[in-house]
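In the numbering used here, the protein residues as written are 1 to 346.
Next comes the structure, spelled out in structure tokens:
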């Protein structure tokens, strides 16, 4: 936490730490494949990204994910390089997203044998940056439309789960166990939200949105990505408190009268930005007086450098950090999930 000290950010006297000593926390794994000199390497890049560490197992994978990983690596394609995301869905389905060069995709489709073997292991295969679903039509393998399904789930305030629509290749938290613990921590930080309004920026597929609504907040969740918005709306159809949750397409990094008005109306602001942090997104607060700011701001981040930088700016706006939890969902790495609650000083 020295980054905070060097940024002159004031932390509370008590900071809690949550770890998972038993491991087996990941239900999603991002791996890399190389085939060079007639040899496969399938695993993770070393820290300096100079080579791929070929792995045969991983104690951080859930049992179901590790089984899927071992099954997948039984038969690897002879492609120069490929990124692979393996995922266990909310209903225990096995899914895979393959990201590789277009010429390699064409070669696999023309050759068919390896892809047909993969289809015997799972019907849920996405390929390429547009995450197109692999299908068979008239006896020929083709890339069909992208299809969202229940590839993640979020834990609600009452301990129940809400399935989230997304692609296999979409962003999500790494696993259900750690996501449930994060939800539990957020509930303890925020308490009941009855008769309070919440605004979430950059809400993605709604991982935090449904939790906030289940706490009783009247929640408006904003996101710029059109597909994320469509998927979140689809997930909302099965949510028990639909009337508490509204999704709105909005650019949170650009000043607008609409965003200004929303910020003035809510009691709680929630942000879980990308690793780069909010940065220019904080400029939207420049037109607000201190007394117009939301009373509380919940900030979640996995990247300490940008978090410390943003925290200093948020502190200078008139907030103080009152609660901090370090959720160790990336063991044996320099990263951690940081959960901070800011409150206005007035």
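A virtual CB, placed ideally from N, CA and C, is assigned to each residue, including glycine. For clarity, every value in this text was computed on a predicted model and none was experimentally measured.
Return the first residue and the last residue of the alpha helix (DSSP H) that residue 261 is part of. 257-265
Rounded to whole angstroms, what's the CA-CA distance from residue 223 to residue 259? Just pull it up for me. 12 Å
Cβ-based neighbour list, residue 345, same chain, cut-off 6 Å, excluding 5 preceding and 5 following: 318, 320
Indicate whether residue 348 and residue 122 have their beta-carbon atoms separated by less than 9 Å. Since the first residue of the chain shown is 1 and the last is 346, residue 348 is not available in this structure.
For residue 89, the nearest candidate out of 201, 9, 307, 174 (CA to CA): 174
Give me the residue from 165, 206, 157 with the minimum Cα distance to residue 193. 157
Is DSSP giving residue 178 helix, strand or coil here? helix
Could you check the C-alpha separation between residue 60 and residue 25 for me, to the nearest Å? 6 Å
Those residues which DSSP pairs with residue 14 across a bridge: Answer by DSSP bridge pairing: none, since residue 14 is not bridged.
Taking the continuous alpha helix (DSSP H) assigned at residue 315, which residues delimit it? 304-316
For residue 57, which of helix, strand or coil comes out of DSSP? The answer is coil: DSSP assigns residue 57 none of H, G, I, E or B.
Can you have a look at residue 198 and say buried or exposed, based on whether 16 or more other CB atoms are within 10 angstroms of its CB? With 16 or more Cβ atoms within 10 Å of its Cβ, residue 198 is classed as buried.
Quick check on the DSSP output: what are the complete alpha helix (DSSP H) runs of length 4 or more inside the segment 95-154, in order along the chain? 102-111, 113-121
Do you know how far the Cα of residue 149 is from the Cα of residue 267? 33 Å
Beta carbon of residue 281 nearer than 9 Å to that of residue 271: yes
Less than 9 Å separating the beta-carbons of residue 205 and residue 232? With respect to the 9 Å criterion, residue 205 and residue 232 are classified as neighbours on the basis of their beta carbons.
Applying the criterion that 16 or more other CB atoms from any shown protein chain within 10 Å of the CB defines a buried residue, is residue 70 buried or exposed? exposed
Quick check: the Cα distance between residue 212 and residue 273, rounded to an integer number of angstroms? Going from the Cα of residue 212 to the Cα of residue 273 covers about 17 Å.
Here's a check: name, in chain order, each residue in its chain whose Cβ is nearer than 6 Å to the Cβ of residue 34, leaving out the five neighbours to either side. 41, 52, 81
Which one of 94, 75, 50 has the shortest CA to CA distance from residue 62? 94
Considering only residues of the same chain and omitting the five flanking positions on each side of residue 322, which have a CB-CB separation below 8 Å? 12, 341, 342, 343
How long is the line joining the alpha carbons of residue 91 and residue 163, rounded to whole angstroms? Between residue 91 and residue 163, the C-alpha separation is close to 9 Å.
DSSP three-state label for residue 276, please. coil
So, is residue 165 buried or exposed, given that buried needs 16 or more other C-beta atoms within 10 angstroms? buried
Residues sharing a beta bridge with residue 30, DSSP: For residue 30, which the question treats as bridged, DSSP gives the partners 85.
For the alpha helix (DSSP H) that residue 67 lies in, which residues bound it at each end? 63-72
Skipping 5 residues on each side, what residues in its chain have a beta carbon closer than 7 Å to that of residue 76? 33, 40, 42
Under DSSP, the alpha helix (DSSP H) around residue 211 begins and ends at which residues? Its alpha helix (DSSP H) spans residues 209-214.
Where does the unbroken beta strand (DSSP E) through residue 39 begin, and where does it stop? 39-45
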